[in-house]
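One structure is given here, and the rest of the page talks about it.
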Amino acid sequence: MLDVLIIGGGVTGCSIARELSRYKLDVALVEAKCDVGKGTSSANSGIVHAGYDPKPGTMKARFNVLGNLMFDQLAEDLQFAFTRCGSYVVGFDDNDMKTIDKLLIQATLNEVDGCYKVSREELLEREPNLTPEVKGALYHPSGVCASYEMVIALAENAMQNGVKIHCSNEVTAIKQLPDNSFEVTTTQDVYHAKHVVNCAGLFADIISEMAGAEVIKQKPRRGDYFIYDKKHAGFVNTIIFPCPGPMGKGVLVIPMPEGNLVIGPSSTDTDLRDSNYTLQEELDFVWNNATRCCPDLPRTDVIASFMGLRSEGAEYHDFYIKASDKLKGFVNLSCIASPGLTSSPAIAKYVAGILRDELHLNMQPDPDFNPRREGIRHFSHMSWEERAGIIEKDPSYGRIVCRCETVTEGEVVDAIHRTPGTVTLGSVKYRTRAGMGRCQGGFCTCRVMDLISRETGMSKEEITTRGEGSNVVVGRIKESEMEGGAEDDKEC
220 MLDVLIIGGG VTGCSIAREL SRYKLDVALV EAKCDVGKGT SSANSGIVHA
270 GYDPKPGTMK ARFNVLGNLM FDQLAEDLQF AFTRCGSYVV GFDDNDMKTI
320 DKLLIQATLN EVDGCYKVSR EELLEREPNL TPEVKGALYH PSGVCASYEM
370 VIALAENAMQ NGVKIHCSNE VTAIKQLPDN SFEVTTTQDV YHAKHVVNCA
420 GLFADIISEM AGAEVIKQKP RRGDYFIYDK KHAGFVNTII FPCPGPMGKG
470 VLVIPMPEGN LVIGPSSTDT DLRDSNYTLQ EELDFVWNNA TRCCPDLPRT
520 DVIASFMGLR SEGAEYHDFY IKASDKLKGF VNLSCIASPG LTSSPAIAKY
570 VAGILRDELH LNMQPDPDFN PRREGIRHFS HMSWEERAGI IEKDPSYGRI
620 VCRCETVTEG EVVDAIHRTP GTVTLGSVKY RTRAGMGRCQ GGFCTCRVMD
670 LISRETGMSK EEITTRGEGS NVVVGRIKES EMEGGAEDDK EC
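Quick note: the sequence shown uses the working numbering, first residue 220, plus one each step.
What follows is the structure, encoded as structure tokens:
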């Protein structure tokens, strides 16, 4: 029997899995999708917020500030892309500047260090592509990370330390047995655990209702984004925020650590819980608001757009993290909206404390715990000497698969064998960046499919973009049976 079963393989679930791997526990994580980090955790701004925005005294304020302070060490240990570039909340008029004054007071109340006001002249000197209409700004020590890469790194380190991760395992039933343990049925298996931690993101309220625990209703909110080609790296040096409003922190201009410029998100309530299509009106909203801050943003050189969903509370306006009063041994995490990514490492420690102190789980430190994870060696980051050395050891690193991002065969093969679930084009993409460049996979898709097929034995027809229902090809043209066709025509 498992000590703990975690439901949900997003950034919160994987952070908790890694935190629990510090102890001598039998822990497993089940994820409905074919890979970790396929929901909110991979389709967001990637901002590591400083903590000036949450209402003082809330869980959001507490865990935001603590989580932010943990990121530098976490990124170093787990080798995911993170830059502490800082950010500005810019003001355009007297009302905005009053809001900035309030945010500075709130930052002090939340014990955020390093926040200060910046004059118009100093701001434009630091960020010359901002509109000259700005009046001033609030600087705060934020950062930005590759959120999908962070989730993968957390999951890999958790597995390295003994956690079992089972993807394509959607939970269909939860039953508490007479001994207070849990029987959790998924589409693939049945799991027995002493404790269950519900980190199902947008589906957390559904999982709670299924289990018979307290239900904290959530309302999904969509956010659409543009991604620019890397040629616009350096357009801004820091993250640019407008003054926040009732629907969130506004449309941002974000210098991603990989070199792309990202603008977004929109912020619209929706009934969707599992979707990723963009809408023209949402993208127009993003464009109009981003160009208010940075009027010289080009409409050309956008290489992709995407949409992410996040879980806001329908009535509860804070993180909900609590051991169930109705269901002993069940820990509920709901309404983990922004700043959930930033807060996730601090939330993980808090949940470990609930299991230990409230639910009396025996948690003995594991002396063999290794906090460090060795990431995929990215050829594009290497010096010429390092490239020559790795090619000499493994010639597959000398064969370029993705030209836009300079991804080699060696990296793709490494990614294939690291994936805990079914290997897809997406799982390779998020581990190597193959397909993230300006051609968006136009050159490398067929080559990546060749390698997936070679390394896993999957046929080309079985390979998907992001799991069931997203097959890339449906068959081989010359192998299709044609009326009157000859047997010899089946050769491809």
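Ideal placement from N, C-alpha and C gives every residue a C-beta, glycine not left out.
Here the stretch 342–361 makes contact with the stretch 295–308; the two share three or more CB pairs at distances below 8 Å. With a beta-carbon spacing of about 6 Å, Val284 and Asn329 fall inside the 8 Å limit used to define contacts. Put simply, the backbone Cα of Ser553 is about 24 Å away from that of Asn376. Residue range 246–249 is occupied by the beta strand (DSSP E) that includes Leu248. Judged by beta-carbon spacing, Tyr367 lies within the 8 Å limit of Tyr649, meaning their Cβ atoms are closer than that value. In this model, Leu421 and Asp585 are separated by some 33 Å (Cα to Cα). Assignment of Lys547 by DSSP, reduced to helix, strand and coil, places it in the coil class.
In this model, Ala236 and Asp291 are separated by some 20 Å (Cα to Cα). DSSP, reduced to helix, strand and coil, places Ala326 within a helical segment of the structure shown. Annotation: the stretch 476–540 contains the following complete segments of the alpha helix (DSSP H) (minimum length 4 residues), in chain order: 499–512. Per DSSP, the continuous alpha helix (DSSP H) segment holding Thr651 begins and ends at 644–651.
Exposed is the label assigned to His411, since fewer than 16 other Cβ atoms lie within 10 Å of its Cβ. Taken in chain order, the complete alpha helix (DSSP H) segments of 4 or more residues contained in the stretch 350–431 are 366–379, 423–430. Thr627 has its alpha-carbon roughly 14 Å from the corresponding atom of Glu611. Under the three-state reduction of DSSP output, Asp443 falls in the strand class. A residue is called buried once 16 or more other Cβ atoms fall within 10 Å of its Cβ, and Arg618, having fewer, is exposed. DSSP places Ile459 in the strand class (E or B) of the three-state scheme.
Contact between the stretch 458–468 and the stretch 673–692 is absent, with fewer than three C-beta pairs closer than 8 Å. Close CB contacts of Ile682 within its chain, under the 6 Å cut and outside five residues either way in sequence, are with Met668, Ile671, Val691 (chain order). With a threshold of 16 other beta carbon atoms within 10 Å, Val620 meets it and is buried. Apart from the 5 residues on each side of it in sequence, Ala365 sits with its Cβ closer than 8 Å to the Cβ of Gly265, Phe299, Ala300, Phe301, Met475, Pro476, Glu477 in its chain, given in chain order.
The count of Cβ pairs closer than 8 Å, one atom from the stretch 529–543 and one from the stretch 450–461, stays below three, leaving the stretches out of contact.
The three-state reading of DSSP puts Gln292 in helix, counting H, G and I together. If you look at Asp222, you'll find it in the beta strand (DSSP E) that goes 221–226. Around the beta carbon of Thr643, a 10 Å sphere encloses 16 or more other beta carbons of the protein chains shown; the residue is thus reported as buried.
With a beta-carbon spacing of about 10 Å, Arg591 and Ala372 fall beyond the 8 Å limit used to define contacts. Look at the beta carbons and you see the stretch 432–448 touching the stretch 479–489: at least three pairs across the two are nearer than 8 Å.
Ser615 and Val632 do touch by the CB rule: their CB atoms are close to 6 Å apart, below 8 Å. Residue burial annotation: His268 is buried, with at least 16 other C-beta atoms found within 10 angstroms of its C-beta.
By the 16-neighbour rule on beta-carbons within 10 angstroms, Cys665 is exposed. For the pair Tyr447 and Asp493, the CB atoms are not nearer than the 8 Å cut-off. Under the Cβ criterion (8 Å, minimum of three pairs), the stretch 250–263 does not count as touching the stretch 312–322. Taking Phe311 as the centre and dropping the five residues before and after it, the same chain places the C-beta of Glu352, Val353, Lys354 closer than 7 Å to its C-beta, in chain order. Comparing alpha carbon positions, the residue from Arg622, Ile225, Asn314, Val415 closest to Leu546 is Val415. Here Glu250 is buried: its Cβ has 16 or more other Cβ atoms, across all protein chains shown, within 10 Å. Straight-line measurement puts the Cα of Asp296 at about 17 Å from the Cα of His597.
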